[in-house]
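Visitor: Quick one: this structure, given as structure tokens, is what I'll be asking you about.
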Ligand SMILES: Nc1ncnc2c1ncn2[C@@H]1O[C@H](COP(=O)(O)OP(=O)(O)OP(=O)(O)O)[C@@H](O)[C@H]1O
Ligand SMILES: [Mg+2]
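Chains as they are written, first to last, in my numbering: chain A, -10 to 245; chain B, 304 to 597.
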């Protein structure tokens, strides 16, 4: 459904992505993980048209979407939950959701969905009339996800949804993502919390300094020593991280 | 006591006029983060329409006024500001200066440098008594119109979908686009509304002065800038509050200053504003959006 090929993005003199390729198929959850500054956010921004690639192609449902405006990409079916949540702090919870639903053709169904989402996320339902800026971090993240979902995207992209949240709240957010997976939603999940993201995903890509260094189905990636190497001190020591399987990879690149 | 009531009415009328100007500037600032210096030229264009068409029946003249000024505002955005939108705030600010200067000089080229005069609506220069206070019809109209505009704008921003989108865009334009807010449409609508406000402002201003020059808009809009900054950039309610505070303080200064100092009223006024800004650098009302930019 989404195919990114040889994507190069530059910020002035610095190159953030050096020819990155990855794909997301319908119904899949794909994780894109990598350390700080790897270029994950840049890749998402290129997909939604917030940065213009220097070269490479981005196709969605077989048609190029390079140089499309962000507002039109949402109408094409791509919804991004940006890094840092970016809920509208001065608007109420309901208004944030109504904005998400504004592109829907069927106004009545959209309105119904606002109510449905307030039920689905009880924390939001309880505070529907509060200014979104007064919500806790986890509630804001739920709101950001709900706001993106209510537009009924074909592809949902999440940029570090667990960032800056307490462990218990992180569990909650990952819970929401696995519910989405079980419901068959197509998700591109970007995370620094790599192990959990990869465990949740069907397939994964590891991005480091602007290049894909590892890709494959999640089991393969989890067991690959390069995955641990990428996260030395970040995820390798984290509870639940698998032990390196010792598969040799001279080139540092595995294609599954 | 009567002097006091009279002063209150004068202050409300002056504050109302400033508020209509200030709202036009604050609205554009809220979505584009650009001070549109050319807002004064929208007012000037309106004033020319009213004075040059002094023989045309009032209703038709007002219709033409609104169409021309709103059209000019939307055209200004399309031709001058949209192409430089991605180029950063400084570029946009300079563009707005350039547009303002260009239009001022175009007016000299087309209409000559001389002052032109004409009557807008003579009824407005009559007055009526409200209890002990004499009220100029124009002042009454100004106050009432401003109230109506404030209510209408508030309803628009709170109750309509496009108003909601505008508030979202004012807080975080990029994210607004991510949730599907069409950037071009929202900005065009904002300019359209600011054009409507400029048209109304030019009507009230020209009705008061009865003359038009190529810089008629500049003076009052300068006051409106000060009001917007005083109120806190980027907040519409701040702009309105700033305008009324400014109106009130000018009337108070006008009455309290010794005669020989009255010509320097505006200097005192700006000094007072300066003091406020030293104490509260963000203005009277500090919004989240303006804080984030600092
Ligand atoms: N607007 C920008 N201007 C210049 N350089 C940028 C800009 N945004 C990102 N970069 C650089 O591009 C590289 C990739 O950044 P990006 O934000 O995409 O990384 P990331 O993988 O999302 O990191 P993080 O995990 O910290 O969110 C970094 O070196 C960063 O410094
Ligand atoms: Mg990032």
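Idealized CB from N, CA, C, for every residue including glycine.
The structure displayed is predicted, hence computed values, not measured ones.
Should the region 126 to 144 of chain A be called in touch with the region 71 to 82 of chain A, which here means at least 3 C-beta pairs below 8 Å?
Guide: yes
Visitor: Between the region 464 to 478 of chain B and chain A, which residues of the former have a C-beta closer than 7 Å to a C-beta of the latter?
Guide: 464, 467, 468, 470, 471, 474, 475, 477 and 478
Visitor: Counting only Cβ pairs nearer than 9 Å, list the residues of chain A close to residue 481 (chain B).
Guide: The contacting residues are 37, 39, 59, 60, 62, 63, 68, 69, 70, 71, 75 and 137.
Visitor: Can you list the beta strand (DSSP E) stretches of 3 or more residues lying completely in the region 129 to 177 of chain A, in chain order?
Guide: Segments of the beta strand (DSSP E) lying fully in the region 129 to 177 of chain A: 144 to 148.
Visitor: Taking C-alpha atoms, which residue in A:-9, A:167 and A:215 lies nearest to residue 66 (chain A)?
Guide: A:-9
Visitor: What did DSSP end up calling residue 524 (chain B) once you bin it into helix, strand or coil?
Guide: helix
Visitor: For residue 49 (chain A), write down the residues that DSSP places opposite it in a beta bridge.
Guide: A:-9 and A:52
Visitor: Would the beta-carbon of residue 478 (chain B) be found less than 8 Å away from any heavy atom of ligand 2?
Guide: No.
Visitor: Assuming residue 446 (chain B) and residue 326 (chain B) make a contact with CB atoms under 8 Å, what is their CB distance in whole Å?
Guide: Incorrect: roughly 15 Å between the Cβ atoms, too far for contact.
Visitor: Is it a yes or a no for the region 113 to 129 of chain A touching the region -8 to 1 of chain A, going by three-plus beta-carbon pairs under 8 Å?
Guide: No: the two stretches stay apart, fewer than three of their Cβ pairs being nearer than 8 Å.
Visitor: Taking 8 Å as the cut-off, does the region 488 to 502 of chain B touch the region 373 to 385 of chain B (at least 3 CB pairs, one atom from each stretch)?
Guide: yes
Visitor: Output the distance between the C-alpha atoms of residue 313 (chain B) and residue 438 (chain B), rounded to the nearest integer angstrom.
Guide: Rounded to the nearest angstrom, the two C-alpha atoms are 9 Å apart.
Visitor: Output the residue ranges of the alpha helix (DSSP H) runs that lie fully inside the region 431 to 496 of chain B and measure 4 residues or longer, sorted by chain position.
Guide: 440 to 462, 464 to 474 and 476 to 481
Visitor: Have a look at A:187, A:56, A:34 and A:210 and flag the residue whose alpha-carbon is nearest the alpha-carbon of residue 170 (chain A).
Guide: A:187
Visitor: In the DSSP output, what is residue 204 (chain A) paired with across the bridge?
Guide: A:194
Visitor: Would you say residue 475 (chain B) touches ligand 1, meaning its beta carbon is less than 8 Å from a heavy atom?
Guide: No, ligand 1 has no heavy atom inside 8 Å of this Cβ.
Visitor: Apart from the five residues on each side of it in sequence, which residues of its chain come closer than 8 Å, Cβ to Cβ, to residue 431 (chain B)?
Guide: 437, 438, 440 and 443
Visitor: Quick check: what's the CA-CA separation for residue 404 (chain B) versus residue 465 (chain B)?
Guide: 32 Å
Visitor: Assign residue 76 (chain A) to one of three DSSP states: helix, strand, or coil.
Guide: coil
Visitor: How many angstroms separate the CA atom of residue 139 (chain A) from the CA atom of residue 111 (chain A)?
Guide: 16 Å
Visitor: So what does DSSP say about residue 3 (chain A), is it helix, strand or coil?
Guide: strand
Visitor: Helix, strand or coil for residue 514 (chain B)? Go by DSSP, reduced to three states.
Guide: strand
Visitor: Residues in its own chain within less than 6 Å of residue 78 (chain A) by CB, not counting five upstream and five downstream?
Guide: 121 and 122
Visitor: Tell me the rounded alpha-carbon separation between residue 146 (chain A) and residue 13 (chain A).
Guide: Cα-Cα distance, rounded: 11 Å.
Visitor: Measuring from the CB of residue 72 (chain A), is there a heavy atom of ligand 2 at a distance below 8 Å?
Guide: yes
Visitor: Below 8 Å on C-beta distance, what does residue 484 (chain B) contact in chain A?
Guide: 60, 88 and 91
Visitor: Near residue 354 (chain B), what residues of its chain come up, given a Cβ to Cβ distance below 6 Å and the 5 sequence neighbours on each side ignored?
Guide: 419, 421 and 515
Visitor: Evaluate contact between the region 359 to 367 of chain B and the region 563 to 577 of chain B, counting only Cβ atoms and requiring at least three cross-stretch pairs below 8 Å.
Guide: no
Visitor: Going by the CB atoms, is the gap between residue 469 (chain B) and residue 334 (chain B) shorter than 9 Å?
Guide: yes
Visitor: Report whether the distance from the Cβ of residue 24 (chain A) to the nearest heavy atom of ligand 1 is below 8 Å.
Guide: yes
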